[in-house]
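Heads up: the structure comes next, in structure tokens.
In structure tokens:
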């Protein structure tokens, strides 16, 4: 018979994580890119009231928490990751009362709320940096100002490059008393900005910086948020002396090699202090590290028992569609996090990378692989993050006009050096219309394409996003991808996600791994996960009462049925003894 299980009806049950020492250990958390989620006032930009109006969608989806990208006062030079006031809501998104009402509404639906905190840098419009530019020595000491090299100081202090392209240093005008002129060539210092010039890096060696951010965290914890996603958690401390790197194309090294501006040991003392602060509050508040570390072992340092609770597993996100490579990343990740008693935090997409439908090849093949990858991720021990729209199977938008793009990497001439599409020979790609090709218009390395506002209903833009248009143009062909169009369709990606999250809550074998520490060799035991023999290109593992198969091959594969199929990303044929797994598919089994 053919089994198509995409809308299994099961009684709801609470998460299994409570038995493992923390809701976050196996939580599924949904990332909301606020400006692209829902617009309540018709200005074309998503806002906090819009998010609140769509919370029932997230509750029905079955997630445990929502992560909100920055909504603080900002000039929006980098999508709000350039913060001018950490304690106020930008009028573009609402006000503090909207934030308070959103948190309360989420809690009423059983959803926790995580907000972004951006501690590596401020906006150039932050009062501290404005005072620094005015020549205040105390304000300047909070940032990384340095004299230039060369006889006249006209060369940057070192060879560091910005993630967004160009030097990581900008020279400022010399204030009065430093030459008596406002011309940069008169002797002004340089300031460090690992990202855009509008995002000057803070000096975390300055005690006032640490004190200010402790106060910021308390402000939002007192408002009721359940935790923080820590932006650039690995970049807050730089190597002493700010040494040269000695080579170019430095952004390509992120997450693969040691760099003097990332993953320095000093960041861990900062995170320990934040953990103590979080633990001083009731309600299991958490910290989540955005940390690009060279190895799984280095990443695990961020989630030791006295540090942060979660750290995104970007090695998994960056893995190509290759089952052998996936298994290696899974094994190494579980071994590393188990050695420090932490769960692994899986993720497939976010607001900084090409959507995984497109990374996996685009079109029908990319969607099939994305659906399979989602089931694989949700079957693994630990927590998982979903990026808004992935539950709809949204592809990357690759044909945005230049005039609509906002990514600072576009303005500075560098594509963001993060996972791109696809990681396989171009000859294997399956075309599917004008947006399917991963090389369309050369936009695959930019970030605007994954930030296009998501479609809710209707047959044409703005698809219920708001009363009028949207800040980035939506494709004309998204009518079939809306929430309304997919709801109730047992074959849709939305119903697949809903069924998977319902099963994940209901099946005891899909709970969090056992808490505690131990040798890396104990990882399979602690996760309750066992790999079983399988043909090349196929993954097969069990957890208590549960099995998962992934066929990553381009052809069907027949093997003994591990049990009773309960959910599949594509129809599977089984007679109870054997199963024929379709290409690029994942199936869950009850044992």
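In this note's numbering, the protein residues as written are 14 to 604. We treat Cβ as the ideally placed atom computed from N, Cα and C, and that holds for glycine.
Residues that DSSP places opposite residue i in a beta bridge
i           : result
residue 573 : 591
residue 204 : 158 and 183
residue 80  : 44 and 127
residue 323 : 301
residue 86  : 98
residue 400 : 44
residue 463 : DSSP output for residue 463 lists no bridge partner at all.
residue 578 : 602
residue 269 : Per DSSP, none; premise fails for residue 269.
residue 555 : 543 and 560
residue 134 : 214
residue 168 : 162
residue 240 : 127 and 299
Test item: CB-CB of residue i and residue j under 8 Å
i           : j           : result
residue 582 : residue 392 : no
residue 68  : residue 84  : no
residue 91  : residue 241 : no
residue 576 : residue 552 : no
residue 491 : residue 48  : no
residue 560 : residue 602 : yes
residue 313 : residue 350 : yes
residue 411 : residue 462 : yes
residue 390 : residue 381 : no
residue 347 : residue 75  : no
residue 81  : residue 126 : yes
residue 368 : residue 407 : yes
residue 307 : residue 254 : no
residue 297 : residue 36  : yes
residue 116 : residue 236 : yes
residue 599 : residue 555 : no
residue 302 : residue 321 : yes
residue 325 : residue 353 : no
Run of the alpha helix (DSSP H) containing residue i, from where it starts to where it stops
i           : result
residue 129 : No alpha helix (DSSP H) holds residue 129; the beta strand (DSSP E) holding it covers 125-130.
residue 66  : 61-66
residue 122 : It is not in any alpha helix (DSSP H) - residue 122 carries neither H nor E in the DSSP assignment.
residue 547 : Residue 547 -> no alpha helix (DSSP H), and no H or E assigned at all.
residue 286 : 280-292
residue 370 : 369-372
residue 417 : That residue, residue 417, is in no alpha helix (DSSP H); it is neither H nor E in DSSP.
Backbone CA spacing between residue i and residue j [nearest angstrom]
i           : j           : result
residue 277 : residue 216 : 14 Å
residue 133 : residue 521 : 40 Å
residue 523 : residue 103 : 40 Å
residue 334 : residue 305 : 21 Å
residue 580 : residue 549 : 23 Å
residue 606 : residue 250 : Coverage of the chain is limited to positions 14 through 604, which leaves residue 606 absent and any answer about it impossible.
residue 342 : residue 592 : 27 Å
residue 557 : residue 517 : 13 Å
residue 73  : residue 42  : 13 Å
residue 120 : residue 499 : 26 Å
residue 288 : residue 295 : 13 Å
residue 221 : residue 568 : 60 Å
residue 128 : residue 464 : 18 Å
residue 198 : residue 184 : With a pLDDT of only 46 at residue 198, under the threshold of 50, the placement of this residue in the model should not be trusted, and no figure is reported.
residue 587 : residue 574 : 7 Å
residue 176 : residue 110 : 35 Å
residue 284 : residue 339 : 29 Å
Residue i - DSSP class collapsed to helix/strand/coil
i           : result
residue 481 : coil
residue 275 : strand
residue 103 : coil
residue 495 : coil
residue 359 : strand
residue 232 : helix
residue 473 : coil
residue 308 : coil
residue 563 : strand
residue 177 : coil
residue 506 : helix
residue 69  : helix
residue 214 : strand
residue 50  : coil
residue 447 : Unreliable positioning characterises residue 447 in this predicted model, as indicated by a pLDDT of 29, which lies under 50. The coordinate reading is nonetheless provided below. Here residue 447 sits in coil by DSSP.
residue 245 : coil
residue 522 : helix
residue 346 : helix
residue 352 : coil
Range of the contiguous beta strand (DSSP E) that encloses residue i
i           : result
residue 603 : 598-603
residue 299 : 299-302
residue 380 : Note, residue 380: premise wrong, no beta strand (DSSP E); alpha helix (DSSP H) at 376-392.
Proximity test, Cβ basis, 8 Å: residue i and chain C
i           : result
residue 493 : Among the chains of the structure shown, chain C does not appear; only one protein chain is present.
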